[in-house]
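2 protein chains.
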Amino acid sequence: MEYQEYKGYREYFKELIDTKNLKELKTTISELNVVDIAEIIEDMDDKEMLLVFRMLPKEMSAEVFSYMERYDQLRIINSITDTELTSIIDELDFDDMIDVLEEMPANVVTKVLGNTPANERKLINEFLRYPEDSAGSIMTIEYVVLKPEMNVKDALEHIKQIGMDKETIYTCYVENEYKMLIGFVSLRTLVVSDESKLIKDIMVEDVISVNTLEDQEEVADKFVRYGYIALPVVDGEYRLCGIITFDDIMDVVESEATEDFHKMAAIAPSEDEYLDQTPWQLAKNRLPWLLVLMISATLTGGIIDRYNYIIAQYLILSTFIPMMTDTGGNSGSQSSTTVIRALATGEIGLSDSLKVMVKEMTVGIIAGGILSFVNFLRIVFITKVQLKIAFLVSFTMFITVVLSKFLGAALPLFAKKVNIDPAIMASALITTIIDTVVLMIYFSLAVKLLPIV
Amino acid sequence: MEYQEYKGYREYFKELIDTKNLKELKTTISELNVVDIAEIIEDMDDKEMLLVFRMLPKEMSAEVFSYMERYDQLRIINSITDTELTSIIDELDFDDMIDVLEEMPANVVTKVLGNTPANERKLINEFLRYPEDSAGSIMTIEYVVLKPEMNVKDALEHIKQIGMDKETIYTCYVENEYKMLIGFVSLRTLVVSDESKLIKDIMVEDVISVNTLEDQEEVADKFVRYGYIALPVVDGEYRLCGIITFDDIMDVVESEATEDFHKMAAIAPSEDEYLDQTPWQLAKNRLPWLLVLMISATLTGGIIDRYNYIIAQYLILSTFIPMMTDTGGNSGSQSSTTVIRALATGEIGLSDSLKVMVKEMTVGIIAGGILSFVNFLRIVFITKVQLKIAFLVSFTMFITVVLSKFLGAALPLFAKKVNIDPAIMASALITTIIDTVVLMIYFSLAVKLLPIV
Numbered sequence: 277m278e279y280q281e282y283k284g285y286r287e288y289f290k291e292l293i294d295t296k297n298l299k300e301l302k303t304t305i306s307e308l309n310v311v312d313i314a315e316i317i318e319d320m321d322d323k324e325m326l327l328v329f330r331m332l333p334k335e336m337s338a339e340v341f342s343y344m345e346r347y348d349q350l351r352i353i354n355s356i357t358d359t360e361l362t363s364i365i366d367e368l369d370f371d372d373m374i375d376v377l378e379e380m381p382a383n384v385v386t387k388v389l390g391n392t393p394a395n396e397r398k399l400i401n402e403f404l405r406y407p408e409d410s411a412g413s414i415m416t417i418e419y420v421v422l423k424p425e426m427n428v429k430d431a432l433e434h435i436k437q438i439g440m441d442k443e444t445i446y447t448c449y450v451e452n453e454y455k456m457l458i459g460f461v462s463l464r465t466l467v468v469s470d471e472s473k474l475i476k477d478i479m480v481e482d483v484i485s486v487n488t489l490e491d492q493e494e495v496a497d498k499f500v501r502y503g504y505i506a507l508p509v510v511d512g513e514y515r516l517c518g519i520i521t522f523d524d525i526m527d528v529v530e531s532e533a534t535e536d537f538h539k540m541a542a543i544a545p546s547e548d549e550y551l552d553q554t555p556w557q558l559a560k561n562r563l564p565w566l567l568v569l570m571i572s573a574t575l576t577g578g579i580i581d582r583y584n585y586i587i588a589q590y591l592i593l594s595t596f597i598p599m600m601t602d603t604g605g606n607s608g609s610q611s612s613t614t615v616i617r618a619l620a621t622g623e624i625g626l627s628d629s630l631k632v633m634v635k636e637m638t639v640g641i642i643a644g645g646i647l648s649f650v651n652f653l654r655i656v657f658i659t660k661v662q663l664k665i666a667f668l669v670s671f672t673m674f675i676t677v678v679l680s681k682f683l684g685a686a687l688p689l690f691a692k693k694v695n696i697d698p699a700i701m702a703s704a705l706i707t708t709i710i711d712t713v714v715l716m717i718y719f720s721l722a723v724k725l726l727p728i729v
Numbered sequence: 277m278e279y280q281e282y283k284g285y286r287e288y289f290k291e292l293i294d295t296k297n298l299k300e301l302k303t304t305i306s307e308l309n310v311v312d313i314a315e316i317i318e319d320m321d322d323k324e325m326l327l328v329f330r331m332l333p334k335e336m337s338a339e340v341f342s343y344m345e346r347y348d349q350l351r352i353i354n355s356i357t358d359t360e361l362t363s364i365i366d367e368l369d370f371d372d373m374i375d376v377l378e379e380m381p382a383n384v385v386t387k388v389l390g391n392t393p394a395n396e397r398k399l400i401n402e403f404l405r406y407p408e409d410s411a412g413s414i415m416t417i418e419y420v421v422l423k424p425e426m427n428v429k430d431a432l433e434h435i436k437q438i439g440m441d442k443e444t445i446y447t448c449y450v451e452n453e454y455k456m457l458i459g460f461v462s463l464r465t466l467v468v469s470d471e472s473k474l475i476k477d478i479m480v481e482d483v484i485s486v487n488t489l490e491d492q493e494e495v496a497d498k499f500v501r502y503g504y505i506a507l508p509v510v511d512g513e514y515r516l517c518g519i520i521t522f523d524d525i526m527d528v529v530e531s532e533a534t535e536d537f538h539k540m541a542a543i544a545p546s547e548d549e550y551l552d553q554t555p556w557q558l559a560k561n562r563l564p565w566l567l568v569l570m571i572s573a574t575l576t577g578g579i580i581d582r583y584n585y586i587i588a589q590y591l592i593l594s595t596f597i598p599m600m601t602d603t604g605g606n607s608g609s610q611s612s613t614t615v616i617r618a619l620a621t622g623e624i625g626l627s628d629s630l631k632v633m634v635k636e637m638t639v640g641i642i643a644g645g646i647l648s649f650v651n652f653l654r655i656v657f658i659t660k661v662q663l664k665i666a667f668l669v670s671f672t673m674f675i676t677v678v679l680s681k682f683l684g685a686a687l688p689l690f691a692k693k694v695n696i697d698p699a700i701m702a703s704a705l706i707t708t709i710i711d712t713v714v715l716m717i718y719f720s721l722a723v724k725l726l727p728i729v
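Same order as they appear, the protein sequences are chains A and B.
So for the first sequence, the working numbering puts the first residue at 277; every next one is plus one.
So for the second sequence, the working numbering puts the first residue at 277; every next one is plus one.
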């Protein structure tokens, strides 16, 4: 559904509410997709949202709830009765319930847990203890387990009985008597296999699994790599604890990329959506790096100050400073972005470090050569400076580009090596380093090349 | 599998080849996952790679082939016989075959098409005509079609007969007599439903579909949004032409993010993997923007040159230039990155433009206020400049931050509005604009505030 359609539905719903045509409202909603309903009602005011929400069939309301933004879920929670809340939470898929509880204020969590049976409460608490962003924290406990001795007919019968409550029944997992994961069978294999075949004879034994404590980014890499619909999550003893399904991972792939975008732009990452954050929160996430970078830029000021006697004599020298530092920054961030992203997607690894650095230096020599040649022509024929100064500027430009390409490649690789997030080594930080080095080269060459009175 | 494991297998395979222990080699390979086999053999030399590749069972070799990088696929194609090539291409899933043919040199394509039956050749040519990155170019024609009058038992029987050759049988599509798409049924529903039920009574009629010409980025958005395993692709008359499955979309989500990363770092996007590109290719993708930005930085040089009489008198003024332009660049790229990414993931839309710009200005006022205050204290108490100059620098800093936040938000939104890719409006371009404006403000204020002899 497009933005215009949402707006259309929202206005139509409001009209139906105003004219009290609730029957028509109910019919229209029940034909829509739950994702779309969530989007439509989120922008309504509390009263209207609640009215529409309460009109949904019970199982649908839980689904709609799970697709809403955190902020709007809270609006619902604060307006409905405890009984209604418990019934929604009960209807949620287990992983969605954990998601909701993780983000909710403590009083809401206590309220919900108070209405849950003891054994389930124990399980919920266990799940809430998995580290944030770990496989354990995003897995679900709803999946199909088969025994190796079952035949296909029994397996299908088993699935038919319990199937509709499972997050996914497309991959069924096989456990031995010690509850260890020994294989999987896809529903596709079950459907096309002979009814009398045994599970142990048709299961795939080469199971790709993830550990409960593995980071969700690594889990996402495995999904992208192998293209499975679901991956099993096991504990240290290789016992099946849950599964992660591809639809939850699509969000992870997107939000991990967003996190990298933000880190590379020197912004502290945040879990909240942009529109939900206040200007103060946004400023808080952006100020620390801005401050650090502003203060470290003092270094460059210091260098210029040290050489002010030569600027006093050759004022033209200061006009080339922004061009050189900008080109250094741009060329360095090209390299660092390329390397950081290639590391993140697994296209390159630490073992390629030497190859990457040599390649970036070569690119630097090619690009630096061309840029400084163009620059030389421009400042000799257009700006009309002395040949000596043109040479000084163009030579510094060449060194700047080569150096920035090298640092842009080397710093993220170094960060990865010492287990720092490479994304932090992005343009902002590299720019500051390059500025400092470039200015030092520029002025110390100037002192050597130009006659000083 | 981790990097170390790949390396281990590669060495083990080489050892087995050297000691001519091919039986053991065959057994080991057949137990591995096809994705891993592709990764292991890609780094071998031509002879070894071919030896291992030829040892694979026929259907497995096609799968391994489909997971290899373009460059390594070409290595295989150039070493095997035409008969072998035809047999591999025949075994590929239809969408993988199209993928391979799209990237291969013309002589290879001619070779393959020459060995294909006429009707299939026609279909292949039709698919090759879909625009690059369109839904049509990534869809597959292998899917299950059901008729509305079938019952569940017949449907399952039908799937059992043809199922194994389909890319996915988990979502089955229902067509009416005009071949128009009227609904879908998941295999899950089929498996848990009563055998006598009719498809038309259990199918979902609210089908989310994409058009053949839709961009793959929009397709990916729909997948992330609705979390389906597959989406149907229809033509202008709503006839089913193919389906796209989630595993192909995971790659799209990742590569679209990579493309944005590169564009934002002023790099022309490339389809090839980093390690497959020569330094010349890399330089070619990076030089155009570097040149444009270098030359546009001349503007800043011109401004400094115009005010060189005031620099001559107050040399200290030039020492603050890098700090101010860097802070402007950093703060602008924070905003542009945030806005570009939020636009790309659909978190904000054009309708939020005003809200976003006001929010960024507010952030700019908060951050700019704090930064310029810190800066004021620093240069008064540490650098010990005159109060007038401290005020000049700090005030310019404040304006710089507010302005860069505003431009960082406004330029990508404007680009979106006039249908240019917002990612182009990223740090590099914004930096150049901000530098120019900031220097103009700085010097024109300086002329007003400072006594000139």
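Here a beta-carbon is modelled for each residue, glycine too, at the ideal position from N, C-alpha and C.
Since the model is a prediction, treat every value here as computed from it, not as a measurement.
Item                                                                                                                                                                      : Value
Can you list, in chain order, the residues of its chain with a C-beta nearer than 6 Å to that of B/Y347? Leave out the 5 residues immediately preceding and following it. : D552
Taking its Cβ as the centre, do 16 or more other Cβ atoms sit within 10 Å of A/W565, making it buried, or is it exposed?                                                  : buried
Could you name the residues that DSSP lists as bridge partners for A/G459?                                                                                                : A/V450
Along the chain, where does the alpha helix (DSSP H) that runs through B/V340 open and close?                                                                             : 334-343
Suppose you measure from the CA of A/L350 to the CA of B/F289; what does that come to, to the nearest Å?                                                                  : 57 Å
Would you mind telling me which residues of chain A sit closer than 7 Å to B/E425, beta carbon to beta carbon, in chain order?                                            : What B/E425 touches in chain A: nothing, since even the nearest Cβ is about 21 Å away.
Helix, strand or coil: how does DSSP classify B/L474 here?                                                                                                                : strand
Is the shortest distance between the beta-carbon of B/S306 and the beta-carbons of chain E less than 7 Å?                                                                 : Within the model displayed, chain E is absent; protein chains A and B are what it includes.
Is the shortest distance between the beta-carbon of B/F537 and the beta-carbons of chain A less than 7 Å?                                                                 : yes
Three or more C-beta pairs closer than 8 Å, one from the region 539-547 of chain A and one from the region 509-528 of chain A: is that the case here?                     : no
Can you look up A/S410 in the DSSP assignment and give me helix, strand or coil?                                                                                          : strand
How about A/V467 and A/I458: do their beta carbons lie closer than 7 Å?                                                                                                   : no
Please identify, using Cβ separations under 7 Å, the residues of the region 638-671 of chain B that lie next to chain A, in order along the chain.                        : T638, V639, I642, A643, I646, L647, V650, N651
Report the three-state DSSP secondary structure of B/N391 (helix, strand or coil).                                                                                        : coil
In angstroms, rounded to a whole number, what distance separates the CA positions of A/L399 and A/I374?                                                                   : 10 Å
Going by beta-carbon coordinates alone, are A/I475 and A/P508 separated by less than 7 Å?                                                                                 : no
Going straight from the alpha carbon of B/V486 to that of B/Y419, what length do you get?                                                                                 : 16 Å
Between the region 597-610 of chain B and chain A, which residues of the former have CB atoms less than 9 Å from a CB of the latter, in chain order?                      : I597, P598, M599, M600, T601, D602, T603, G605, N606, S607, S609, Q610
Run through the DSSP bridge pairs and tell me what B/R515 is partnered with.                                                                                              : B/M456
Between the Cα of A/L619 and those of A/V384, A/L689, A/Y585, A/Y590, spot the shortest distance and give me the residue it belongs to.                                   : A/L689
Would you tell me roughly how many angstroms separate the C-alpha atoms of B/P555 and A/I675, rounded to the nearest one?                                                 : 17 Å
In chain order, what are the residue ranges of uninterrupted alpha helix (DSSP H) at least 4 long that sit wholly in the region 552-595 of chain B?                       : 555-572, 574-582, 584-589, 592-595
Closer than 7 Å, Cβ to any Cβ of chain A: which residues of the region 545-560 of chain B, in chain order?                                                                : E549, Y550, L551, P555, W556, L558, A559
Which one or two residues does DSSP pair with A/T603 in a beta bridge?                                                                                                    : DSSP output for A/T603 lists no bridge partner at all.
Going along chain A in order, which residues have a C-beta closer than 9 Å to the C-beta of B/N584?                                                                       : L591, I592, S594, T595
For A/E530, count neighbouring Cβ atoms within 10 angstroms of its own Cβ and tell me buried if that reaches 16, exposed if not.                                          : buried
Which class does A/V483 belong to by DSSP, given the choice of helix, strand or coil?                                                                                     : coil
Below 8 Å on C-beta distance, what does B/F499 contact in chain A?                                                                                                        : M526
Measuring only between beta-carbons, confirm whether A/M570 sits less than 7 Å from chain B.                                                                              : yes
Kindly indicate if chain B contains any beta-carbon less than 7 Å away from that of A/Y368.                                                                               : Note that residue 368 of chain A corresponds to Leu in the displayed sequence, not to Tyr. Chain B, which has no Cβ nearer than 7 Å to the Cβ of A/L368, makes this no.
What does A/N391 touch in chain B if you count any residue whose Cβ is under 9 Å from its own?                                                                            : Ordered by position in chain B, no residue passes the 9 Å Cβ test against A/N391, which lies about 28 Å from the chain.
Pair every Cβ in the region 304-318 of chain B with every Cβ in the region 619-638 of chain A, then say whether three or more of these pairs are closer than 8 Å.         : no
Spell out the partners DSSP gives B/E416 in its beta bridges.                                                                                                             : Looking at the sequence provided, one finds Thr at residue 416 of chain B rather than Glu. B/T416 is bridged to B/I519.
Is the shortest distance between the beta-carbon of B/Y502 and the beta-carbons of chain A less than 7 Å?                                                                 : yes
Strictly under 7 Å for the Cβ-Cβ distance: is B/A542 near chain A by that measure?                                                                                        : yes
If we count the other Cβ atoms within 10 Å of its Cβ and call it buried at 16 or more, is B/A394 buried or exposed?                                                       : exposed
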